[in-house]
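Residue numbers (my numbering): 61 to 239.
Right, here's the structure in full:
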């Protein structure tokens, strides 16, 4: 659609001509939808934006000045601004410091820290009762997160041997901790 045709359709839309508005929609909706979709990156929101764009065009058609800007530039500007307004509307408002929710301190309190410290000492003592290579395998598996395969390669033992070591070591640790 040519610029003079668009300008004419906008001018007639300003006078309330619904047929001109329909023709304007038919000739420009695909482009304005593309503008909104590129900004919003969501098809449903872009469809909503285009609907609002045409409501604005209907209401503001009288403010379009031929010669001041091209008709398509005027339409694209309305679409772009609508899409940006929708992005701004979906961003959460920032909270004032006093309105911010209280968040519990994730660190344990002193009593819990003391209990954890005592537990850690008990676990270390029980690990000390295991053979050195088996204690190291338990730490590597359950603290460092190494897989059975990685542990088997690191200790140069078959995979099933490593599984047996870990199973027996955990049973001994449980027995020690229950004493």
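Using N, Cα and C, we set each Cβ at its ideal position, and we do this for glycine too.
Checklist entry - If you compare alpha carbons, which of 181, 151, 184, 188 is closest to residue 100? => result Checking every option, the nearest Cα to that of residue 100 belongs to 151.
Next on the checklist: I need the straight-line Cα distance from residue 132 to residue 78, nearest angstrom please.
Outcome noted: 19 Å
Checklist entry - Would a C-beta distance cut-off of 8 Å place residue 110 and residue 89 closer than the cut-off? => result yes
Item to check | Classification of residue 114 by the beta-carbon crowding that lies within 10 angstroms, buried from 16 upward | outcome: buried
Checklist entry - So what's residue 110 in DSSP terms, helix, strand or just coil? => result Assigned with DSSP and collapsed to three states, residue 110 falls in helix.
Item to check | Distance, residue 102 Cα to residue 74 Cα | outcome: 31 Å
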